[in-house]
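When you line the sequence shown up against our numbering, it's residues 743 to 953, in that order.
Read through the structure below, which is laid out as structure tokens, and then see the notes.
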Amino acid sequence: MKFLLPQLPFKPSAIEPYISRSTIEVHYNGHLKKYIDNINSNDFIKSIKEDVELERIIMLSSEKDLINNFIPPLPQTSELFNNSAQAWNHVFYWNSISGKTDEFGGEIASLIFSRFGSLDKFKKEFMNKGMELFGNGWLWLTLYNGRIELINSQNAEIPWLYGARPLLTIDLWEHAYYLDYKNNKDKYLKAVIDNTLNWRFANKNLRFSEL
Ligand SMILES: [Fe+2]
743 MKFLLPQLPF KPSAIEPYIS RSTIEVHYNG HLKKYIDNIN SNDFIKSIKE DVELERIIML
803 SSEKDLINNF IPPLPQTSEL FNNSAQAWNH VFYWNSISGK TDEFGGEIAS LIFSRFGSLD
863 KFKKEFMNKG MELFGNGWLW LTLYNGRIEL INSQNAEIPW LYGARPLLTI DLWEHAYYLD
923 YKNNKDKYLK AVIDNTLNWR FANKNLRFSE L
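Here you go:
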């Protein structure tokens, strides 16, 4: 079987001025394409005759029990896991950063208010959780046991492997922001959290997640 490069759900300039067109183009045509190429060059993938969902490949390659407990996350090291999980994470990321601030509302707003008291408090805690991550990885807004949990994950780790349902994510690999913000991860995070989070996508994930 062969995976196709997932379509970018917006024009490369759509997130400007918070994320530049050139960053999105390199991120999509360079990094995501490389992950897909790596999956397709994997001998196990080449040996599969029928189509298999990417999520299934991630689970098959995760090499651990799917326990309903994400603490503490164990590092994943297989090449197929890293590339398939990174492909999944990036598709989720494109959807997570293509929103508008005035779309904040619905069930996600209720959950955030009950957990943090205010949107501003949530933003501060979300930012802190992202800044805590050392090295490359992801920042996640998740639902775990009916409650909002903020998670940062190393490398390609995905919260649903540990029983937490992703609602939004932000890419914290340096390639996501270095062209625009250099080493100022805090400025990238603040710009994305304040201006681009896709609350409609978060509400959709609350309603329809199959994970
Ligand atoms: Fe990335």
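For every residue, glycine included, the Cβ atom is placed at its ideal position computed from N, Cα and C.
Beta-carbon contacts of residue i that lie in its chain and below 6 Å, excluding the five residues immediately before and after
i	result
Lys-865	Ile-935
His-832	Leu-774
Arg-857	Ile-890
Tyr-930	Tyr-919 and Tyr-923
Pro-748	Val-833
Sequence-distant residues of its chain with Cβ nearer than 8 Å to residue i (five each side left out)
i	result
Asn-894	Lys-871, Gly-872, Glu-874, Leu-875, Gly-879, Trp-880, Leu-881, Trp-882 and Leu-914
Leu-892	Glu-867, Phe-868, Lys-871, Leu-881, Trp-882, Leu-883 and Thr-884
Asp-785	none
Val-794	Met-743
Which residues DSSP lists as bridging residue i, in chain order
i	result
Leu-998	Past the edges of the chain, shown from 743 to 953, lies residue 998, and the structure says nothing about it.
Tyr-886	Arg-889
Arg-907	Leu-885
Per-residue burial, residue i [other beta carbons within 10 Å of its own, 16 or more giving buried]
i	result
Thr-843	exposed
Phe-823	buried
Phe-752	exposed
Met-869	buried
Ile-813	Caution applies to Ile-813, whose pLDDT of 40 falls short of 50 and renders its modelled position unreliable; the value that the coordinates give is listed next. Per the 10 Å Cβ criterion, exposed.
Glu-792	exposed
Ile-761	buried
Gly-888	exposed
Leu-939	buried
Ile-757	buried
Asn-926	exposed
Own chain residues within Cβ distance below 7 Å of residue i, not counting five before or after
i	result
Arg-763	Pro-754 and Ser-755
Phe-834	Pro-908 and Thr-911
Ile-766	Pro-754 and Ile-757
Cβ separation of residue i and residue j, assumed to be a contact under 8 Å, to the nearest whole Å
i	j	result
Ser-820	Ile-912	Not really, about 24 Å apart at Cβ, beyond 8 Å.
Leu-910	Ala-944	5 Å
Tyr-777	Asn-825	5 Å
Ile-900	Trp-836	Not quite, the Cβ-Cβ distance comes to about 15 Å (not below 8 Å), so this is no contact.
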